[in-house]
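J.: If you count by the numbering used here, then the sequence shown holds residues -17 to 439, one letter each, in order.
Glycine included, every Cβ here is placed at the ideal spot set by N, Cα and C.
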Amino acid sequence: MKRTTTRSGRPRPRTNVLAIALLVLSAVLLGIGFARATAAGRAEAGGGTESEAGAPTGARGDAESGVGSITGTDGEHQSPAALMRRLTSIGGAPVPGGRSVEVALPPQYQNQEPPSLSAEFATDFARALISYDDVVAGGPPKDGIPAIDVPRHVTVADAERWLEPAEPVIVVRAGEATHIYPLQILMWHEIANDTVGGVPLAVTYCPLCNTGIVFRRTFDDRELDFGVSGRLVYSNMIMYDRQTESWWIQATGRGIAGRYAGQQLALHPSLMLSWADAADAYPNARVLSRDTGFRRDYGRNPYVGYDGAALPFLYYGPDVIDASSEHAMTRVLSVYHGDGVAAVVFPELQEQRVITRTIDSTPVVVFWEPGTASALDGPRLAEGRDVGTANAFYPRIDGRALDFAFRDGQIRDRATGSSWTVAGRAVDGPFAGQSLEPALAVHHFLFSWRAFHPDWE
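Printed below as a string of structure tokens:
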């Protein structure tokens, strides 16, 4: 079969028509269209409801959307290597973040023509880290996918009534507090502006990249609130802060346009767990409530079959996948420490269950366990196939270094034989009841990991 080509002249991978058709059909059946979640709609999040009009990211675009390459800002062809080097400006290992640093923005991207439909924003588009040619309109306008600004929380016992054991959730701990954020809610809102243990946080999830990331909202001693811009770069959500309307790429937390272009949000550790594991590990946690102020069919998946598609939706970036031997939607856990980052693919984790990596001279251990459903597979999250989950930890307790292995059907430390869970907790043996410190880690699809971390393998 003849392959079409991209604007750069390289072959365009074949589009998975069936998968994209299912996404579009799902959008239609769920009544997804352009959203009307304006500032007034956000105010209603404190009470009342809004009609179900907002479109999750996966419903954006049309059936012609596929994967392609891009040209340079001058319209000339750029080689894959040049494109990859360019991406280091928005990817790579996140710096500590949270405070402005001196940044030399690429001169060729300053004073560009603003992106299309930019009148919605008060952003200083003269300052940019990237070419606006890389920005894709996702469908919904600014705030068309409404962030949760007034989060309510319920007990674990209350949430048991509507969460199924295998459903994926994000667990966030700060101080003495633990909050749990179900993906069945986040996939409809993508951002929850919350405070956990006195720490202002943005809990984010981009379904197109499967990236669940928590950022600290304090920047330069100023508390920021984040919204969904309705724009994408390489299929990834562009967030914006409401204080300066700077744009931030969700996959890395790097500012890409406006006052904070080139700056880095600080990441906050989090865990991706099944609801059953989260409820067992943190019975006193507070769970994000379905009472969001918006009417959504929480629990339903508007991205049916997406993680089985051959190609990501609305991706127009460099070719980062070898289609003959790799799958774009292979799950990856990236782990950050100091100036380094490592990535482990789920197939390797599923085989070994425990993998140790040294990052910037520091050992980090990654645990994988089955029992967590894919949020992007079946018609309801609880019906997704079992893809398991993985989390990363520092392998030490009270300063004592530990070595882990999968033995006798359990994750165990070699020193005492204590059994550990994917939440990093010892459930028996001398260490029973103790927990490992989580490392900064982010779940990605393989294409997303490669696109935003071009210098890392």
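#1: Roughly how many whole angstroms lie between the Cα atoms of residue 253 and residue 82?
#2: Exposed or buried, which one is residue 203 when buried takes at least 16 other CB atoms within 10 Å?
#3: Measuring CA to CA, which of 351, 263, 209 is closest to residue 408?
#4: May I ask which residues mark the beginning and end of the beta strand (DSSP E) holding residue 144?
#5: Do the stretch 372 to 379 and the stretch 228 to 241 make contact, defined as three or more Cβ pairs closer than 8 Å?
#6: Which residues does DSSP pair with residue 188 in a beta bridge?
#7: Roughly how far, in whole angstroms, is the beta-carbon of residue 355 from the beta-carbon of residue 367, given that I think they are within contact range, below 8 Å?
#8: Distance check for residue 340 and residue 414, CA to CA, integer angstroms please.
#9: On a Cα-Cα basis, can you pick out the residue from 182, 322, 132, 357 that is closest to residue 287?
#10: When the Cα atoms are used, what is the spatial distance from residue 155 to residue 121?
#11: Is residue 228 helix, strand or coil by DSSP?
#12: Is there contact here, the stretch 179 to 186 with the stretch 287 to 296, by at least three beta-carbon pairs under 8 Å?
#13: Can you list the beta strand (DSSP E) stretches of 3 or more residues lying completely in the stretch 312 to 360, in chain order?
#14: Rounded C-beta distance between residue 118 and residue 298? I'm assuming under 8 Å.
#15: What alpha helix (DSSP H) runs, 4 residues minimum, are completely inside the stretch 405 to 434?
#16: Since residue 137 sits in a beta bridge, which residues does DSSP pair it with?
#17: Do you know offhand how far residue 112's Cα is from residue 190's?
#18: Please classify residue 245 as buried or exposed, where buried requires at least 16 other C-beta atoms within 10 Å of its C-beta.
#19: Given this structure, state the Cα-to-Cα distance separating residue 176 from residue 131, to the nearest angstrom.
#20: If contact is defined by three or more beta carbon pairs under 8 Å, each pair taking one atom from either stretch, is the stretch 427 to 437 in contact with the stretch 306 to 323?
#21: According to DSSP, is residue 209 helix, strand or coil?
#22: In chain order, what residues of the same chain have a beta carbon less than 6 Å from the beta carbon of residue 417, not counting five sequence neighbours either side?
#23: By the DSSP assignment, the alpha helix (DSSP H) with residue 166 in it spans what residues?
T.: This is what the structure gives:
#1: Taking the Cα positions, residue 253 is about 27 Å away from residue 82.
#2: Burial call: exposed.
#3: Residue 408 has its Cα closest to that of 263, out of 351, 263, 209.
#4: Where residue 144 is concerned, there is no enclosing beta strand (DSSP E), given that its DSSP letter is neither H nor E.
#5: Taking 8 Å as the limit for Cβ pairs, the verdict is that the stretch 228 to 241 does not touch the stretch 372 to 379.
#6: Residue pairing for residue 188: DSSP places it in a beta bridge opposite 193.
#7: About 7 Å; that satisfies the 8 Å criterion.
#8: The alpha-carbon atoms of residue 414 and residue 340 are separated by roughly 26 Å.
#9: The option with the nearest alpha carbon to residue 287 is 357.
#10: Our two residues, residue 155 and residue 121, have alpha carbons roughly 34 Å apart in a direct line.
#11: Looking at residue 228 - three-state DSSP - the assignment turns out to be coil, as it is neither helix nor strand.
#12: With fewer than three CB-CB distances shorter than 8 Å, the stretch 179 to 186 does not count as touching the stretch 287 to 296.
#13: Runs of the beta strand (DSSP E) inside the stretch 312 to 360: 313 to 319, 322 to 327, 336 to 341, 344 to 351.
#14: Rounded to whole angstroms, the Cβ separation of residue 118 and residue 298 is 6 Å, and the two are in contact under 8 Å.
#15: Correct list: 428 to 434.
#16: Residue 137 is bridged to 268.
#17: Near 20 Å, if we compare the C-alpha coordinates of residue 190 and residue 112.
#18: By the neighbour-count rule (16 or more Cβ atoms within 10 Å), residue 245 is buried.
#19: Their backbone Cα atoms lie some 7 Å apart in a straight line.
#20: Verdict: yes, contact present.
#21: DSSP places residue 209 in the strand class (E or B) of the three-state scheme.
#22: For residue 417, where only same-chain residues beyond five positions count, the Cβ hits under 6 Å are 406, 407.
#23: First-last of the alpha helix (DSSP H) with residue 166: 165 to 171.
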